[in-house]
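Right, one structure below, let's go through it.
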Amino acid sequence: DQQVKQNSPSLSVQEGRISILNCDYTNSMFDYFLWYKKYPAEGPTFLISISSIKDKNEDGRFTVFLNKSAKHLSLHIVPSQPGDSAVYFCAASGGYSTLTFGKGTMLLVSP
Amino acid sequence: DVKVTQSSRYLVKRTGEKVFLECVQDMDHENMFWYRQDPGLGLRLIYFSYDVKMKEKGDIPEGYSVSREKKERFSLILESASTNQTSMYLCASSLGGAGEETQYFGPGTRLLVL
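Taken in sequence, the protein lines are chains A and B.
The opening position of the first sequence corresponds to residue 371 in the working numbering, with each subsequent residue numbered one higher.
The opening position of the second sequence corresponds to residue 22 in the working numbering, with each subsequent residue numbered one higher.
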């Protein structure tokens, strides 16, 4: 049973526009959420996180929004750049040190 | 910056061979993790460790074992490699404790079992 779901396997966006990546979770014990970015043949790199006590966290072009009642979070990238093309993983933690990952969304930003 | 290194970027092994994947982190992190990544399946946790000589099974431990003799080093062992263990293997570490769940990953080892 998938506890963290990324329902869009892929997303295509034009350079300069907004990219919105979505993630849903089912476990109400999750209280910390993260986004990772992964290029082919490399390890994931941490992008941004949010605690359940917040509903928004911003870092430069990246903003994560959390809607606890809907058990939904999203990552906004504005403006999108070709170098943002990668696979993005959503992850969640329930107070223990392990993370539960979604299956990823491949973002393609075209010039 | 956190640095997690993995002993090999690419490995080719034969079915039945014993395979060792090594991971080292330099940030004195308490927790270390081994994942495999397969297309369409995301990252799946194989084993993790909270402390030296401690290990816990993840979601898919079958066919694997681990060793953590020193805090900075976490090894993944494939006792008898099989073709279905062909995958990208990722090691990660985290500081541990509340609010310190962020994991930092190594570059990965792409293993091909023939």
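For glycine and all other residues, C-beta sits at the position ideal for the given N, C-alpha and C.
Spell out whether any CB of chain B is found under 9 Å from the CB atom of residue i.
i: serine 467(A); result: yes
i: lysine 438(A); result: no
i: alanine 411(A); result: yes
i: glycine 430(A); result: no
i: serine 422(A); result: no
i: proline 379(A); result: yes
Are the Cβ atoms of residue i and residue j separated by less than 9 Å?
i: lysine 375(A); j: valine 457(A); result: no
i: lysine 76(B); j: tyrosine 68(B); result: yes
i: lysine 34(B); j: valine 134(B); result: yes
i: alanine 113(B); j: tyrosine 56(B); result: yes
i: threonine 475(A); j: leucine 381(A); result: yes
i: proline 449(A); j: arginine 387(A); result: yes
i: proline 410(A); j: lysine 473(A); result: no
i: isoleucine 517(A); j: leucine 445(A); result: There is simply no residue 517(A) to check, as chain A begins at 371 and stops at 481 in what is shown.
Helix, strand or coil for residue i per DSSP?
i: threonine 123(B); result: coil
i: threonine 107(B); result: coil
i: aspartate 454(A); result: helix
i: glutamate 93(B); result: coil
i: glutamine 58(B); result: strand
i: isoleucine 447(A); result: strand
i: aspartate 49(B); result: coil
i: valine 73(B); result: coil
i: asparagine 392(A); result: strand
i: glutamine 136(B); result: Summary: the structure shown does not reach residue 136(B), with chain B confined to residues 22 through 135, and so no result is reported for it.
i: alanine 461(A); result: strand
Using a beta-carbon distance below 9 Å, is residue i in contact with chain A?
i: alanine 113(B); result: yes
i: valine 25(B); result: yes
i: arginine 89(B); result: no
i: phenylalanine 41(B); result: no
Residue i versus chain A: which residues are under 8 Å apart at the beta carbon?
i: glutamine 46(B); result: Simply none; closest approach about 12 Å.
Give the interface partners of residue i over in chain A, defined as CB-CB distance under 9 Å, in chain order.
i: phenylalanine 126(B); result: Tyr406, Lys408, Glu412, Gly413, Pro414, Thr415 and Phe416
i: tyrosine 110(B); result: Going along chain A, no residue has its Cβ under 9 Å from tyrosine 110(B), so there is no contact; the nearest lies around 10 Å.
i: asparagine 105(B); result: What asparagine 105(B) touches in chain A: nothing, since even the nearest Cβ is about 19 Å away.
Identify the contact partners of residue i in chain B, using a Cβ-Cβ distance below 7 Å as the criterion.
i: glycine 472(A); result: Gly63
i: serine 463(A); result: Glu122
i: serine 419(A); result: Thr123
Could you spell out the range, first to last residue, of the beta strand (DSSP E) harbouring residue i?
i: lysine 426(A); result: 426–429
i: arginine 35(B); result: Arginine 35(B) -> no beta strand (DSSP E), and no H or E assigned at all.
Quick one: list the residues of chain B neighbouring residue i, beta-carbon separation under 9 Å, in chain order.
i: phenylalanine 459(A); result: Gly63 and Leu64
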